Amino acid sequence: MVMKGQFLERPTLIPLANGLVLEGVSHRGERHPGVLVLPPLPADGSGMDHVVGAELAYAVSHAGHQCLRFNFRGVGASQGKPSSDDAELLEDAVAAWELARDNAEGEAPLVVSIGTSDRIVKKLLAVVSVAGWAMIHPSLEAFSPPVPHLVVLPELEGSAPRRDWAGKVDEGSLTVVLGADRSYQRNLPQVGKAVVALLRQVGASTGNP
């Protein structure tokens, strides 16, 4: 029996068309939309247990939303060799998106990118639909995302990225985590709170607050 407030992780397998299987972790939830978290790319030496990814899973699942995070091929227990090829990374992301959608009974998830995985999400948006996009310290040059969105930057990132993104995203869609650098050793929970706020906004707009 699941008690209110429990944080339950379920190991999840994500099959690819080429026969490889990716490692994932999912969390149950009844509220919509669900969330798909893309970790930093393999070249950055991180995976789904990245501190930001783990915090996001905790925050959104405690807020009642489904969450799926995964490792790209060759990372952790995901099969294959680590790849820097965008086509292969996109294939991984699409497979994870399909599972996140299926877990939510066909409803497109809100996607979260951490660092450099924003490059793959930008390509993902060209082939699938998403409920929204939260970018955590994005690596892309500032632009205006075509879906409900959020940009989270650490205060110690410097003023230039904040100024650039503030000129591109909707008013209120930029969150600066005070006292934090990219490690988010300070005020990490603020990242989760910002993403949950976006989930509430998207849910309200679709009749699922």
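Residue 136 in our numbering sits at position 154 of the sequence shown; the count goes up by one each step and never skips.
Note that CB positions come from ideal geometry on N, CA and C, so glycine has one too.
Owing to the predicted nature of the structure, the values given are computational and were not obtained by experimental measurement.
Helix, strand or coil at residue i [DSSP, three-state]
{"i": "S111", "result": "coil"}
{"i": "A25", "result": "helix"}
{"i": "A116", "result": "strand"}
{"i": "L(-10)", "result": "coil"}
{"i": "S95", "result": "strand"}
{"i": "R51", "result": "strand"}
{"i": "E87", "result": "coil"}
{"i": "L71", "result": "helix"}
{"i": "L138", "result": "helix"}
{"i": "V133", "result": "strand"}
{"i": "G1", "result": "coil"}
{"i": "V7", "result": "strand"}
From the options, residue whose alpha carbon lies closest to that of residue i
{"i": "I96", "options": "A162, N0, L38", "result": "L38"}
{"i": "A86", "options": "E5, Q172, E12, E(-9)", "result": "E12"}
{"i": "V19", "options": "L180, H131, V109, A75", "result": "A75"}
{"i": "H44", "options": "R101, G16, E153", "result": "G16"}
{"i": "Q167", "options": "V33, A(-1), A148", "result": "V33"}
{"i": "A36", "options": "P171, K63, L180, M117", "result": "P171"}
{"i": "H119", "options": "V109, A69, A108, L132", "result": "L132"}
{"i": "L122", "options": "K63, K150, G161", "result": "K150"}
Range of the contiguous beta strand (DSSP E) that encloses residue i
{"i": "G16", "result": "13 to 20"}
{"i": "L181", "result": "Where L181 is concerned, there is no enclosing beta strand (DSSP E), although the alpha helix (DSSP H) it sits in stretches over 171 to 187."}
{"i": "L156", "result": "156 to 159"}
Range covered by the alpha helix (DSSP H) that runs through residue i
{"i": "L122", "result": "Neither: L122 is in no alpha helix (DSSP H) and is coded neither H nor E."}
{"i": "L38", "result": "33 to 44"}
{"i": "R101", "result": "100 to 106"}
field: the stretch 95 to 115 / the stretch 175 to 190 touching (three or more Cβ pairs under 8 Å)
entry: Contact holds: three or more Cβ-Cβ distances are below 8 Å.
- Item | Touching by the beta-carbon criterion (3+ pairs, under 8 Å), the stretch 49 to 56 and the stretch 122 to 140 | Remark: fewer than three beta-carbon pairs, one from each stretch, lie closer than 8 Å, so the stretch 49 to 56 and the stretch 122 to 140 are not flagged as touching.
Q: For the stretch 157 to 169 and the stretch -10 to 4, state whether three or more C-beta atom pairs, one from each stretch, are separated by less than 8 Å.
A: Counting C-beta pairs with one atom in each stretch, the stretch 157 to 169 and the stretch -10 to 4 have fewer than three that are closer than 8 Å, which means they do not touch.
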